[in-house]
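Enquirer: Under the working numbering, the first residue of the sequence shown carries the number 832, and numbering increases by one thereafter.
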Amino acid sequence: MPTPDRIRSVAVLGHSHDGKTTLCEALLNTAAATPRMGSTDQGTSILDFDPEEQRRSISISTAVAHCDWNDVRINLLDTPGFQDFVGEVAEALVASEGAVLVVSATGSVPVGAELAWEQMTSAQVPAIIVVNRMDKEHAAYEATVDALRETFGRKPIAVAVPIGAAEAFIGFVDLVDDRAYEFDDRGGAREVPLPDAMRNEIERAHTALVDAAAETDDALLEKYLEGTELTDDEVRGALHTAALQGTLLPVVPAAGLLRKGAGLVLDSINRYLPSPKERVRRGRDAKEQEVEIPCDPDGPLCAHVFKTTADPFGKISFIKVLRGTLRADMHPLNVRSGQEERLAQLGQPIGKQIVTAPTIVAGDIGVATKLATTATGDSLCAKEAPLALPAIPLPAAAYTMAIHAKSKGDEDKIHSALVRQSEEDLTFTVDRDPVTAEELVHGLGDTHLDVTLEKIKRKFGCEGRLSVPRIPYRETITGTARVHERYKKQSGGAGLFGDCTIEVEPLPRGGGYEWQDKIFGGSIPQQFRPSVEKGVKQTIEQGAMAGYPIVDVRVRLVDGATHPVDGKDIAFQLAGAMAMRKAVVEAGPVLLEPIMNVRVTVPDTLMGDVISLLNGRRGKVAGMNPTGDGRTEVSASVPLAEMFTFPIDLRAASQGRGRYAMEFSHYEEVPAQLAQPLVDSFRKEHAAAAS
């Protein structure tokens, strides 16, 4: 069982298709955690084991695996690079003390790496950078390091340089001790003489590294400036401290597919990234006081559930133990629910395989199965020391669609499956629109929702179909009207009679509905006046022109008549409904649509493209505010009807660098040329239903 100071938990981040999973496979195999190196192309990866991942050749969820390297337990959390699954990255960072940012050796920094950098720095997680795919044609290590420094500032610093590139990538030089190593065929390397042709390059890079290390510590800098050479241990110690503080990012080369540099990456994780004891965690105790959580295996248990997977047979909860030791015979307290949990099985994951483990020590990661009340984000604690932990900073859903069961009678089944999936993926939510009654699903993009539907089809055996949601339009009036309606029906000896006169007038926007009984005398008996209002309300709920609720209207009951025998409650309801429909038609009806406040943040260079995108959606730009980091926030009012494909178009227009958020603002009148097709469609459907 490892001790906390001999544990490293690292999230592996980067752009999609930059080789993160392949690099992780190389690390696991080099450390002898797997018998052979898995392949994403051949579908043998132990990390991309989900059928959707294999079909799409992308990671869609974080996979966790552990290995041991030089007596250090390393937990690798292989995260997706595709933007629709950034919630998985957030969960992985919560469980990690460090990160490995993977960038292809192309001489540039892709947008996925920039987004990963933003999440990593926001979470204050130290990192190293691996310049991967050094075996590819035109691989350019130095140009890539320069691009990293241009993008992220002076923080990236090479701690190793490659010997050769592309097919000639045969080894590396450790710039701390100025030793050269040639790769073997097992992911490791053996020491060889320094290449004569590289001596100037090595000297220049070594000096830059030592300069950077010395600048992180006043005592070292003074010693260095006095002309005393720093020892290797002093340089490595300074790099470790600087990485922990976020002032430097050690950079190393690798070629994951060939396992070249795998040992170097593992060594760099051990040397430069912190142990759980070095990262301060905090929670809130029973008195709502913020307290530090020391990584002490002998302390009272505090564990964080950072990820959940669900299937028809139950849940698997991924757990980061922050304090104490989690044992299989424990009954920890779920602080949120206040209930004890029973641990059915405790283990440690290597991809989808779970290795049974009797205990999980502080700082380590494990899994528990079939926890009854526990969900992602919950804390499991000793009963005598409950702690609530900070919420996982997940992105808000940005893409919404309506969902319908493909097979009749599957509505309840698919709803249940969607709810189960939302327990696994907190960036996916499901609810029902109270106006349109449609079931809605919300996620981070079209691929996110497509993958979710494939998952529930495979796991729960039900299929859903997505469509653009109906817009919750409203109807209102722009003028006044006075209408008289009578409902009269004779059938044999019994009859129905109801007669009313109403007046309607508009209220200010947001005024809702107002009813006034202005009858003086007994033209309509007191007991039938609520019946008239009931009929009016029925029309208000069902709409009069396009089937949408009527708002911002005052209805005044001013006159009517009755019959001593045939006057009935239902007759006055029907008369009221008929009168209201007619009154709306005569009072200048219009459709209202929801208007959203939209805030879009993009790089300054792309602001014009985004403004054009908003203008093309009937948007009204209200302001542009620089955020101080080379980006601008554009504020606009945009109709909801124009926003359903906006996330996809924004991603294309901003090369994936755009962010947006929206919230409901108010209702506005729909332009006549857009409202008429909605009215015509309603009339057509109404006529078809009546025939």
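Backbone N, C-alpha and C fix where the C-beta goes; we use that ideal spot for every residue, glycine too.
On a predicted model such as this, the values are computed, not experimentally measured, just so you know.
What is the rounded straight-line gap between the Cα of Ala-1044 and the Cα of Pro-1081?
Expert: Distance between the alpha carbons of Ala-1044 and Pro-1081 is about 10 Å.
Enquirer: From Gly-1197, Ala-1039, Phe-880 and Ser-935, pick the residue whose C-alpha is nearest to that of Ile-838; which is it?
Expert: Of Gly-1197, Ala-1039, Phe-880 and Ser-935, the residue nearest in Cα terms is Gly-1197.
Enquirer: Count Cβ pairs between the region 1403-1420 and the region 1366-1383 that sit closer than 8 Å; are there 3 or more?
Expert: Segments in contact, yes.
Enquirer: Can you tell me where the alpha helix (DSSP H) holding Ser-888 begins and where it ends?
Expert: Looking at the DSSP string, Ser-888 is not in any alpha helix (DSSP H), and its letter there is neither H nor E.
Enquirer: Could you give the residue range of the alpha helix (DSSP H) that holds Asn-1101?
Expert: Asn-1101 -> alpha helix (DSSP H) spans 1093-1103.
Enquirer: Out of Asp-899, Ser-935, Ile-877 and Ala-1312, which one is the CA nearest neighbour of Thr-893?
Expert: Out of Asp-899, Ser-935, Ile-877 and Ala-1312, Ile-877 has the C-alpha closest to the C-alpha of Thr-893.
Enquirer: Going by CA-CA distance only, name the one from Leu-1095, His-1517 and Arg-1090 that's closest to Val-1083.
Expert: Of Leu-1095, His-1517 and Arg-1090, the residue nearest in Cα terms is Leu-1095.
Enquirer: Taking the beta strand (DSSP E) that Pro-1470 belongs to, which residues open and close that run?
Expert: Its beta strand (DSSP E) spans residues 1462-1470.
Enquirer: What first and last residue would you give for the beta strand (DSSP E) that runs through Gly-1197?
Expert: Here the beta strand (DSSP E) through Gly-1197 covers 1196-1200.
Enquirer: Hey, quick one: how far does the beta strand (DSSP E) through Met-1455 stretch, first residue to last?
Expert: Looking at the DSSP string, the run of the beta strand (DSSP E) that includes Met-1455 is 1451-1457.
Enquirer: What residues match up with Phe-1149 in a beta bridge as DSSP calls it?
Expert: DSSP, once it has assigned bridges, lists Lys-1138 and Val-1198 as partnering Phe-1149.
Enquirer: Could you check how far apart the C-beta atoms of Lys-1201 and Lys-1286 are, in whole angstroms? I think they sit under 8 Å.
Expert: Contact doesn't hold; Cβ gap of about 19 Å is too wide.
Enquirer: When burial is assigned at 16 or more other CB atoms within 10 Å of the CB, is Pro-866 buried or exposed?
Expert: So Pro-866 ends up on the exposed side.
Enquirer: Could you tell me which residues DSSP pairs with Asn-1165 in its beta bridges?
Expert: According to DSSP, Asn-1165 bridges with Gln-1170 and Leu-1211.
Enquirer: By how many angstroms is the C-alpha of Ile-1479 removed from the C-alpha of His-1279?
Expert: About 12 Å.
Enquirer: Count the CB pairs spanning the region 1045-1052 and the region 920-937 that are closer than 8 Å, and state whether there are at least three.
Expert: Short answer: they don't touch.
Enquirer: Bridge partners for Tyr-1498 per DSSP, in chain order?
Expert: DSSP lists Pro-1425 as partners of Tyr-1498.
Enquirer: In three-state DSSP terms, what is Gly-1374?
Expert: Note: Gly-1374 maps to coil in three-state DSSP.
Enquirer: Considering only C-alpha positions, which residue in the set Glu-1316, His-1246 and Arg-1340 is nearest to Val-1363?
Expert: Comparing Cα positions, the closest option is Glu-1316.
Enquirer: List the whole-angstrom C-beta distance separating Ile-1150 from His-1162, where the pair is believed to meet the contact cut-off of C-beta under 8 Å.
Expert: That belief does not hold up - the Cβ atoms of Ile-1150 and His-1162 are roughly 15 Å apart, past 8 Å.
Enquirer: I'd like to check one pair, Ala-1085 with Met-951: are the Cβ atoms closer than 8 Å?
Expert: No, the Cβ-Cβ distance between Met-951 and Ala-1085 is not below 8 Å.
Enquirer: Taking the continuous beta strand (DSSP E) assigned at Lys-1319, which residues delimit it?
Expert: Here the beta strand (DSSP E) through Lys-1319 covers 1312-1322.
Enquirer: By the three-class DSSP mapping on this structure, what secondary structure does Asp-1005 have?
Expert: Strand, per DSSP.
Enquirer: On a Cα-Cα basis, can you pick out the residue from Ile-1185, Phe-1000, Thr-910 and Val-1433 that is closest to Ser-840?
Expert: Residue Thr-910 is the option with its Cα nearest to Ser-840.
Enquirer: Applying the 10 Å Cβ sphere with the 16-neighbour rule, what's the burial state of Pro-1502?
Expert: By the 10 Å Cβ count, Pro-1502 comes out exposed.
Enquirer: Just to confirm, are Val-1421 and Ile-1442 a CB contact at a threshold of 8 Å?
Expert: Not a contact, by the Cβ cut-off of 8 Å.
Enquirer: Going by DSSP, which residues form a beta bridge with Thr-1307?
Expert: Per DSSP, Val-1421.
Enquirer: With H, G and I counted as helix, E and B as strand and the rest as coil, what does DSSP make of Thr-1190?
Expert: If DSSP states are grouped into helix, strand and coil, Thr-1190 belongs with the strands.
Enquirer: Spell out a yes or no on whether the region 1058-1078 and the region 842-850 are touching, meaning 3 or more CB-CB pairs, one atom from each, closer than 8 Å.
Expert: They do not touch, by the three-pair rule.
Enquirer: Quick one: what's Met-1526 bridged to in DSSP?
Expert: What is shown of the chain runs 832 to 1522, which leaves residue 1526 out entirely.
Enquirer: Determine, using beta-carbon pairs with one atom in the region 857-865 and one in the region 943-957, whether at least three such pairs fall under 8 Å.
Expert: In short, these stretches do not touch, since the Cβ pair count stays below three.
Enquirer: Measuring alpha carbon to alpha carbon, tell me which of Leu-1338, Gln-1347, Gln-1358 and Asp-1005 ends up nearest Ile-1381.
Expert: Out of Leu-1338, Gln-1347, Gln-1358 and Asp-1005, Leu-1338 has the C-alpha closest to the C-alpha of Ile-1381.
Enquirer: Let me check understanding here. Comparing Cα to Cα, which of Gly-1295, Leu-1040, Glu-1022 and Val-1004 lies closest to Pro-987?
Expert: It is Leu-1040.
Enquirer: Determine, using beta carbons only, whether Val-1266 and Ser-1210 come nearer to each other than 8 Å.
Expert: Cβ distance not < 8 Å, so Val-1266 and Ser-1210 don't count as in contact.
Enquirer: Could you name the residues of the same chain whose beta carbon sits closer than 8 Å to that of Gly-1155, not counting the 5 residues immediately before and after it, in chain order?
Expert: Once the five neighbours on either side are set aside, the close Cβ partners of Gly-1155 are Asp-1127, Pro-1128, Asp-1129, Gly-1130, Pro-1131, Leu-1132, Cys-1133, Ala-1134, Ala-1193 and Ala-1213.
Enquirer: Taking Leu-1423 as the reference, give the member of Glu-1500, Glu-1494 and Ala-1325 with the closest Cα.
Expert: Measuring from the Cα of Leu-1423, the nearest candidate turns out to be Glu-1500.
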